[in-house]
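Visitor: Numbering (this note's numbering), first residue to last: 953 to 1166. Glycine residues also receive a C-beta, built at the ideal position from the N, C-alpha and C atoms. Quick caveat, the model's predicted, so the values are computed rather than measured.
#1: With distances taken between CB atoms, is the gap from residue 1141 to residue 1097 smaller than 8 Å?
#2: With distances taken Cα to Cα, identify the nearest neighbour of residue 1024 among 1041, 1012 and 1002.
#3: Please list, in chain order, all residues of the same chain as residue 1043 whose beta carbon is under 7 Å from its beta carbon, the five residues on each side excluded.
#4: Sort 1095, 1087, 1129 and 1082 by Cα distance to residue 1111 and report the nearest one.
#5: List the endpoints of the continuous beta strand (DSSP E) containing residue 1102.
#6: CB-CB under 8 Å to residue 1005, same chain, minus the five flanking residues each way: which ones, in chain order?
#7: Taking Cβ positions only, does residue 968 come closer than 8 Å to chain B?
#8: Could you pull out every unbroken alpha helix (DSSP H) segment of at least 4 residues lying fully inside the segment 1045-1112, listed in chain order?
#9: Kindly indicate which three-state DSSP category residue 1141 falls into: helix, strand or coil?
#10: Report the three-state DSSP secondary structure of residue 981 (helix, strand or coil).
#11: What's the C-alpha gap between residue 1033 and residue 1048?
#12: Mind listing, in chain order, the continuous beta strand (DSSP E) runs of no fewer than 3 residues lying wholly within the segment 972-1043?
#13: Rounded to whole angstroms, what is the Cα-Cα separation between residue 1138 and residue 1064?
#14: Would you mind reading off the limits of the beta strand (DSSP E) that contains residue 1160?
#15: Between residue 1163 and residue 1101, is the Cβ-Cβ spacing less than 8 Å?
#16: Grouping DSSP H, G and I as helix and E and B as strand, with all else coil, what is residue 964?
What follows is the structure in structure tokens.
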């Protein structure tokens, strides 16, 4: 049976598009957003994927707005929750409710450069490599257990825009790959913190230049 997922977005939804194009072992049941103008919603609609929005101005408080998103998620009963450019802090209670079942992709090689403007930070730091990370979500932003990464070299003439573009291409490869690996039970995160991966997955990761977290 396919792994049921929901995707949270706040913007253009480029990672959403990559996920929808690579649903091998999982299905996207709904796309949820905290913004009515998130461009990714139009793409989801065009693909026949149900959407749900809870814009801030439709509620008396941020708490009520978040509650609407969380309630809708509970109704959908997903196996995994995928954050894809979702720019709102997820409440700790919700994270604990879906412990080790919420994934996020971040455009840096975590733990380096968490938070905003990771590409600028990477260039200014003089780092030689940069990339993206898929990790499990915990209450502390961008600090959950790492699952996998892809990297690229920072070129001498690199700009923030050029680096962001190259890393985004890696994101579109990495995120669906990790979700399919988890959904297909080839990548398993255990409660004690162990990350187990099949021999076939390790071989595929090497071929794709993906680093599975130790």
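Guide: To lay it out plainly:
#1: yes
#2: 1002
#3: 1018
#4: 1082
#5: 1098-1105
#6: 984, 985, 986, 987, 988, 990 and 993
#7: Given the protein chain composition of this structure (a single chain), no chain B is represented.
#8: 1070-1077
#9: strand
#10: strand
#11: 13 Å
#12: 978-985, 1003-1005 and 1032-1035
#13: 27 Å
#14: Run containing residue 1160: none in the beta strand (DSSP E); it sits in the alpha helix (DSSP H), 1151-1160.
#15: yes
#16: coil
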